[in-house]
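The structure appears right after this line, and notes come after that.
Shown next as structure tokens:
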């Protein structure tokens, strides 16, 4: 993990201060963003999905309905436990404690979801993550990225981080969809 990437301790402190620091379970913004993310998935079903930074599992449970097998990772133990409890009725969802991109699972996926994670990573870690995603994505597999584009305390913005990821992936990923509204941008990419 690079110096400009926010560390595990940052996220542990957020969850220690408030069990739902981003109001994932109650925010209208989050509900609308999750609905748009699910609607943007190009396929109705994916055999093997991977969600980076599952937080409390609010999006995870919905992704689970679209994936035959879903690996959801999160670095904060309390959030991971809450996500696993939320998805207890979906045994095909597996949870693991990982701090991406330093930690990375084995296996190949046909869907990778990066929702509100890139803008917490420094430039070098975004580039590393792009390489790991491309290397773990099967040909024809999809990447869905959705990031808030409003003002925040420090760089990078959701736009900067998403653009950096796309540039680092180079010609390995085609853009299927790129849209934005007043709050977030959503990119859907496919491995060629």
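Residue numbers (the numbering used here): 17 to 208. Glycine included, each C-beta is placed from N, C-alpha and C at the ideal position.
- Per the Cβ contact rule, the segment 124-134 is not in contact with the segment 89-107 (fewer than 3 Cβ pairs under 8 Å).
- Scanning the segment 48-135 from its first residue to its last, the whole alpha helix (DSSP H) runs of 4-plus residues come out as 74-80 and 93-102.
- Out of 155, 172 and 157, the CA that lies nearest to the CA of residue 163 is found in 172.
- Separation of residue 27 and residue 33 (C-alpha to C-alpha, rounded to the nearest whole angstrom) is 10 Å.
- Shown here, residue 199 sits in coil according to DSSP, grouped into three states, outside any helix or strand.
- Per DSSP, the unbroken beta strand (DSSP E) holding residue 155 starts and ends at 153-164.
- Apart from sequence neighbours up to five positions away, the residues of its chain that approach residue 184 with a beta-carbon distance below 6 Å are 143 and 146, ordered along the chain.
- DSSP places residue 208 outside both helix and strand once states are collapsed to three, so it counts as coil.
- Contact between the segment 112-119 and the segment 34-51 is not established, with fewer than three Cβ pairs separated by less than 8 Å.
- Residue 136 counts as buried, since no fewer than 16 other beta carbons sit within 10 angstroms of its beta carbon.
- Separation of residue 200 and residue 75 (C-alpha to C-alpha, rounded to the nearest whole angstrom) is 16 Å.
- Bounds of the alpha helix (DSSP H) holding residue 25 are 24-33.
- Residue 58 and residue 194 have their C-alpha atoms roughly 13 Å apart.
- Distance from the CA of residue 65 to the CA of residue 153, rounded to the nearest whole angstrom, comes to 10 Å.
- Taking 8 Å as the upper bound for CB-CB distance, residue 47 and residue 61 are not in contact here, some 23 Å apart.
- In the DSSP assignment, residue 179 falls within the unbroken alpha helix (DSSP H) covering 174-185.
- With a 10 Å radius around the Cβ and a threshold of 16 neighbouring Cβ atoms, residue 167 comes out exposed.
- For residue 41, the secondary structure class from DSSP, reduced to helix, strand or coil, is coil.
- The residue among 138, 120 and 176 with its C-alpha nearest the C-alpha of residue 150 is 120.
- Per the coordinates, the alpha-carbon of residue 93 lies some 12 Å from the alpha-carbon of residue 29.
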